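**Student:** My questions all concern the structure below.
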Amino acid sequence: MLNTFVVYVENKPGVLTRVASLFRRRAFNIDSLTVGRTEKPEVSRMTITVDADYDQARRIEANLYKLVNVLLVENITNEASIVRDLAMIKIAAKHEERSHVLELASVFRARVVDVSPESLTIEITGAEDKIDGLLEVLRPYGVLEMVRTGIVAMRRGSKSSTPTASNGFTKAAAAGEEDVSYSV
Amino acid sequence: MITCGASELAIRKREKSMKMTGAQILWECLEREGVKHVFGYPGGAILPAYDALKHSSIHHILVRHEQGATHMADGYARATGGVGVAVATSGPGATNMVTGIATAMLDSSPIVCITGQVGSKLIGSDASQETDITGVTLPITKHNYLVTHAEEVAGTVREAFYVARSGRPGPVLVDITKDAQQLSCEFDWDAAKPQLPGYRPDLSPAPAEYAQALELIRSSKRPVILAGHGILVSGAEREVRDLAERAGIPVALTLLGLGAFPASHPLNLGMMGMHGEAWVNHTIQDADLLIALGMRFDDRVTGNLKTYAPTAKKIHVEIDPAEINKNVKVDVALVGDLREVLHEMLPKVETVDRAEWLDYIDRLKGDSAVRDIQNLPDSGHLYAAHVINDLWRETREGNTVVVTDVGQHQMWEAQYYKHEQPRSLITSGGLGTMGFALPAAIGAKVARPEAEVWAVVGDGGFQMTMSEMATIVQENLKVHIAIINNGYLGMVRQWQEFFYERNYQATPLLNPDFAKLAEAYGIRSMNVKERSEVVPAVQAARQHDGPVLINFQVEQEDTVYPMVAAGAALHEMIRRPSAIVETANDE
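If you read the protein sequences in the order shown, they are chains A and B.
In terms of the numbering used here, the first sequence opens at residue 815 and continues consecutively.
In terms of the numbering used here, the second sequence opens at residue 24 and continues consecutively.
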């Protein structure tokens, strides 16, 4: 099944390579990986989706923790969370087809971000299946180009778990709230 | 461990901070980390560091190849439990370290490798002798660093030592650009404290997990302890012995665990796995509880996982959470430092009489003695087992460290040298690195000059790093070299014999005259062909005031038995052929 990990890492050069290299070396297949800033400048945040069973997911988590620059790993697969992907889709849409395409975009609450005589570019944000749905209905018009960011995810509710790299945060503090038993 | 004996250091310490070059800071930090020796080889990008070495109390040992430096640092670390240090230049110097770093990684050996790097302005330009060594070593180090400013040297070196020696130890590489070595900055040791917010080497199990483990031990009828390298790393020899004795549990050892539990102890079964003794593997297969202590269920000790210990519950005590349920699914995992975990458990371990189980295991030993080459009639041939056994008899009373290479001789050593003391065997297990023995023996001798150090090495592996004989002579080290010379890459030949219809492709060796070669380096040498010559040769070597090489010319096509073929079940062993057993029985 597809697992979603949120991985907080120190914002240092080469950390992305270390994470990517770990997945390659242990033969875990990344479905998508995004990385970006957080509200704390010393911490970067990755959202990684990977196809893995329960035991593999445990091992992925444990192996991520072995990387010295990894601050916190959360497997939010089974937690209430908001998951978003962003796509830009360039559609071949001549004058007569425009209104149809615009109609479909509005149904999906997508926005037109660029117009040329031969094309329309649509931006859509949402869960992956919503974007897949839009793509499906636009395909007959001719998709000239598409790009997707891969998903970013966040737990619902008021709790924040972003660790800080400067205040001596330890994984113990975060892990204390969760089940850390390694037994079966 | 901070050692600051030098008065110069005392003066420096009085001042809060002072201006020093990155190179000076490097040596200063190594001294403060307790480093007495480094193994290295100079070159362009590391020259500023070598220039500053003049003012350091650290003794530099000049090697003949950077791979040798890493194995020496590894041998140094394994002989003492401290951190070994290797130094090399950029590019080829750094890439030559790769095999040694991977060796240390697979066997959890704490070494710190310092490499020079081209100037920070030249990075990425394919400059002369530039290699992205942090990229190259990323998957084979516990962690690595690229240092481009003198200001980062102190903090990085401190972190490197902390990471290398804490938790599950491992190799750390610090790549320092030439300009970072040359430029000056304020040096402040205290301010350079490691900043590792995400690094947590100090996990410990939950109370419920202890209770589960204790209950499994209490209710078990046929338990066996699987003793691994982690016992030595954690220093838990005493605790393991207490557990075994209190609960009456027999102990099987991994290759790297040998020495962690005394060979002569009545509860010691011996080595398990591919070339383990038959009764040990049968014990594991028949057990109802495996207590794995500081071992990782390597494929060489489990055989086919589908048929491994099918009736046993499993307890895994291990410091690295990523090892839990990796190969073998366990019932209870205690993640933490082995010594601390056993300390916590021992007061609650109940004394149980397991005479029935121990008697059963004794009976399993029955047919193994007659298959032992030691008990066969003397055919006049010299077998490696004779050499190893005689070496053990002659040196067992002393403070002896045996360092082996990889292959048949390594397995015979494990079978016939009875290790009583921790850290009395140093061998490359996980990576199986040929060429390891000679340099690692040098490292062990430097670390423990009072110990008697024997490099036991095959004729193939010896030729991979034999240039380090020059290092032995230059450093005037009394390292003994025992070449188990069968004229073959013996273990590969054995696989060809069993699994490739005796098609001996590329395994026969045309060897140089090893005795003459040793003499050319200034090392005394002997040739031994007869069984009766083994003991006198060992005695002569021990009495000689300097290094000695003995070339033991042994039976060419002898085979390591028993053998669990790759992929076979642990109890399906290839045994020494019955014809020989019958001959033995006739006597």
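Heads up, the beta-carbon is just placed ideally off N, CA and C, and yes, glycines get one too.
Treat the numbers as computed from the prediction; the structure is a model and nothing was measured.
By alpha-carbon positions, which one of Leu-952(A), Lys-826(A), Ile-874(A) ends up nearest to Ile-936(A)?
**Tutor:** Taking the first sequence and counting its residues from 1, the one referred to as residue 936(A) is at position 122. The option with the nearest alpha carbon to Ile-936(A) is Leu-952(A).
**Student:** Apart from the five residues on each side of it in sequence, which residues of its chain come closer than 7 Å, Cβ to Cβ, to Ala-177(B)?
**Tutor:** As a first step, residue 177(B) is located in the second sequence; it is residue number 154 there, counting from the start. Closer than 7 Å at Cβ, skipping near neighbours: Ile-48, Cys-52, Phe-210, Trp-212, Ala-215.
**Student:** For Ala-830(A), decide whether its Cβ has a neighbour in chain B, counting only Cβ atoms nearer than 9 Å.
**Tutor:** Start at 1 with the first residue of the first sequence, and residue 830(A) comes out as number 16. The residue you asked about is not Ala; residue 830(A) is Leu in the sequence shown. It does not; no Cβ of chain B falls within 9 Å.
**Student:** Within the same chain, show all residues whose beta-carbon is closer than 8 Å to that of His-631(B), passing over the 5 residues directly before and after it, in chain order.
**Tutor:** Residue 631(B) cannot be examined here, being either before or after the span of chain B that is shown, 24 to 610.
**Student:** Check Val-355(B) in the structure and name its three-state DSSP category.
**Tutor:** Position 332 of the second sequence, counted from the start, is the residue given in the question as residue 355(B). Strand.
**Student:** Buried or exposed: Val-247(B), going by 16 or more other Cβ atoms within 10 Å of its Cβ?
**Tutor:** Taking the second sequence and counting its residues from 1, one reaches residue 247(B) at position 224. Taking all protein chains in view, the Cβ of Val-247(B) is crowded by 16 or more other Cβ atoms within 10 Å, so the residue is classified as buried.
**Student:** Would you please verify whether the beta carbon of Arg-861(A) is less than 9 Å from any beta carbon of chain B?
**Tutor:** If you number the first sequence from 1, residue 861(A) lands on position 47. Per the sequence shown, the amino acid found at residue 861(A) is Thr instead of Arg. Taking Cβ atoms only, chain B never reaches closer than 9 Å to Thr-861(A), which makes this a no.
**Student:** I'd like to confirm the pairing. Which residues does DSSP put opposite Pro-246(B) in its beta bridges?
**Tutor:** As a first step, residue 246(B) is located in the second sequence; it is residue number 223 there, counting from the start. BP columns for Pro-246(B) point to Leu-312(B).
**Student:** If you follow the alpha helix (DSSP H) that Thr-494(B) is in, where does it begin and where does it stop?
**Tutor:** For this step, residue 494(B) is matched to residue 471 along the second sequence. 492-497 is the span of the alpha helix (DSSP H), which, as asked, contains Thr-494(B).
**Student:** Is Lys-985(A) close to chain B? Criterion is C-beta to C-beta, closer than 9 Å.
**Tutor:** The sequence position of residue 985(A) within the first sequence is 171, counting from 1. Summary for Lys-985(A): the model assigns pLDDT 44, below 50, so the residue's position carries little reliability; its value from the coordinates is reported in the next sentence. By this cut-off, Lys-985(A) is an interface position.
**Student:** His-166(B) versus chain A: which residues are under 7 Å apart at the beta carbon?
**Tutor:** Here residue 166(B) refers to the residue found at position 143 when the second sequence is read from its first residue. Neighbours of His-166(B) on chain A, chain order: Val-882.
**Student:** Could you work out which residues of chain A lie near Val-186(B), taking near to mean beta carbons separated by less than 8 Å?
**Tutor:** Translated into the one-based positions of the second sequence, residue 186(B) becomes position 163. Contact annotation for Val-186(B) against chain A: Val-882 [CB-CB distance below 8 Å, chain order].
**Student:** Would you mind sorting Val-821(A) into buried or exposed? The rule is 16 or more other CB atoms within 10 Å of its CB.
**Tutor:** Here residue 821(A) refers to the residue found at position 7 of the first sequence. The residue in question, Val-821(A), is buried, as its Cβ has 16 or more Cβ neighbours within 10 Å.
**Student:** Cβ of Ala-563(B) less than 9 Å from any chain A Cβ?
**Tutor:** In the second sequence, the residue the question calls residue 563(B) occupies position 540. Interface residue (Cβ-Cβ distance to chain A less than 9 Å): Ala-563(B) is not classified as such.
**Student:** Mind checking Met-815(A): buried by the 16 CB within 10 Å criterion, or exposed?
**Tutor:** Along the first sequence, read from residue 1 onward, the residue named residue 815(A) stands at position 1. Exposed.
**Student:** Taking the alpha-carbon of Ala-310(B) as reference, which of Leu-593(B), Pro-600(B), Ile-597(B) has the nearest alpha-carbon?
**Tutor:** To locate residue 310(B), count along the second sequence from 1; it is residue 287. Of the candidates Leu-593(B), Pro-600(B), Ile-597(B), the one whose C-alpha sits nearest the C-alpha of Ala-310(B) is Leu-593(B).
**Student:** Helix, strand or coil, according to DSSP, for Ile-124(B) in the structure here?
**Tutor:** The count along the second sequence starts at 1 and reaches residue 124(B) at position 101. In the structure shown, Ile-124(B) sits in a helix (DSSP, three-state: H, G or I).
**Student:** Just to confirm, are Leu-357(B) and Tyr-523(B) a CB contact at a threshold of 9 Å?
**Tutor:** On the second sequence, residue 357(B) is found 334 positions in, with the first residue counted as 1. On the second sequence, residue 523(B) is found 500 positions in, with the first residue counted as 1. In this structure, Tyr-523(B) does not lie closer than 9 Å to Leu-357(B) by Cβ.
**Student:** Thinking C-beta only, is Thr-171(B) closer than 9 Å to Ala-203(B)?
**Tutor:** Residue numbering aside, residue 203(B) sits at position 180 when the second sequence is read from its first letter. Residue numbering aside, residue 171(B) sits at position 148 when the second sequence is read from its first letter. Yes. Within cutoff.
**Student:** Cβ of Glu-824(A) less than 9 Å from any chain B Cβ?
**Tutor:** As a working mapping, residue 824(A) is identified with position 10 in the first sequence. Interface residue, yes.
**Student:** Among Gln-433(B), Gln-579(B), Leu-226(B), which has the Cα closest to the Cα of Val-340(B)?
**Tutor:** On the second sequence, position 317 is the one that residue 340(B) refers to. Val-340(B) has its Cα closest to that of Leu-226(B), out of Gln-433(B), Gln-579(B), Leu-226(B).
**Student:** Are the stretch 291-304 of chain B and the stretch 322-334 of chain B touching by the rule of at least three beta carbon pairs closer than 8 Å?
**Tutor:** yes
**Student:** What number of angstroms, rounded off, separates the C-alpha of Tyr-439(B) from the C-alpha of Leu-448(B)?
**Tutor:** Looking up residue 439(B) in the second sequence gives position 416. Looking up residue 448(B) in the second sequence gives position 425. A direct Cα-to-Cα measurement between Tyr-439(B) and Leu-448(B) gives close to 12 Å.
**Student:** If you compare alpha carbons, which of Arg-362(B), Gly-430(B), Ser-207(B), Thr-118(B) is closest to Glu-175(B)?
**Tutor:** Within the second sequence, the letter at position 152 stands for residue 175(B). Glu-175(B) has its Cα closest to that of Ser-207(B), out of Arg-362(B), Gly-430(B), Ser-207(B), Thr-118(B).
**Student:** Compare the C-alpha of Leu-461(B) against each of Lys-441(B), Arg-446(B), Asp-482(B) and name the closest.
**Tutor:** Numbered from its first residue, the second sequence carries residue 461(B) at position 438. When each option's Cα is compared against that of Leu-461(B), the closest is Asp-482(B).
**Student:** With burial defined as no fewer than 16 other Cβ atoms inside 10 Å of the residue's Cβ, what is the status of Ala-378(B): buried or exposed?
**Tutor:** The residue you call residue 378(B) lines up with position 355 of the second sequence. With fewer than 16 Cβ atoms within 10 Å of its Cβ, Ala-378(B) is classed as exposed.
**Student:** When you compare the CB positions of Gly-63(B) and Ala-463(B), do they come within less than 9 Å of one another, or not?
**Tutor:** Translated into the one-based positions of the second sequence, residue 63(B) becomes position 40. Translated into the one-based positions of the second sequence, residue 463(B) becomes position 440. Not in contact: Gly-63(B) and Ala-463(B) (Cβ atoms no closer than 9 Å).
**Student:** Helix, strand or coil for Lys-985(A)? Go by DSSP, reduced to three states.
**Tutor:** Locating residue 985(A) in the first sequence gives position 171, where the first residue counts as 1. Residue placement at Lys-985(A) cannot be trusted, given a pLDDT of 44 that sits under 50; what the coordinates show is reported in the next sentence. It is helical.
**Student:** Name the DSSP bridge partner or partners of Lys-42(B)?
**Tutor:** As a first step, residue 42(B) is located in the second sequence; it is residue number 19 there, counting from the start. Beta-bridge pairing links Lys-42(B) to Glu-209(B).
**Student:** With Thr-935(A) as the anchor, note down where its beta strand (DSSP E) starts and where it stops.
**Tutor:** Stepping through the first sequence from its first residue, residue 935(A) is reached at position 121. Where Thr-935(A) is concerned, the enclosing beta strand (DSSP E) stretches over 933-940.
**Student:** Residues in the stretch 948-963 of chain A with C-beta within 8 Å of chain B's C-beta atoms, listed in sequence order?
**Tutor:** Of all residues in the stretch 948-963 of chain A, none has a C-beta nearer than 8 Å to a C-beta of chain B.
**Student:** For Asn-508(B), does the three-state DSSP call read helix, strand or coil?
**Tutor:** Here residue 508(B) refers to the residue found at position 485 when the second sequence is read from its first residue. Strand at Asn-508(B).
**Student:** On the CB-based measure, 16 or more other CB atoms within 10 Å of its CB, does Ala-109(B) come out buried or exposed?
**Tutor:** By 1-based counting over the second sequence, the position of residue 109(B) is 86. Its Cβ being crowded by 16 or more others within 10 Å, Ala-109(B) is buried.
**Student:** Assuming Ala-236(B) and Val-351(B) make a contact with CB atoms under 8 Å, what is their CB distance in whole Å?
**Tutor:** Taking the first residue of the second sequence as position 1, residue 236(B) is located at position 213. Taking the first residue of the second sequence as position 1, residue 351(B) is located at position 328. Not quite, the Cβ-Cβ distance comes to about 16 Å (not below 8 Å), so this is no contact.
**Student:** Would you verify that the beta carbon of Pro-344(B) is, or is not, closer than 9 Å to some beta carbon of chain A?
**Tutor:** In the second sequence, residue 344(B) corresponds to position 321, counting from 1. Yes, contact with chain A.
**Student:** In chain B, which residues lie with their C-beta within 8 Å of the C-beta of Asn-877(A)?
**Tutor:** Locating residue 877(A) in the first sequence gives position 63, counting from the first residue. Simply Ala-345.
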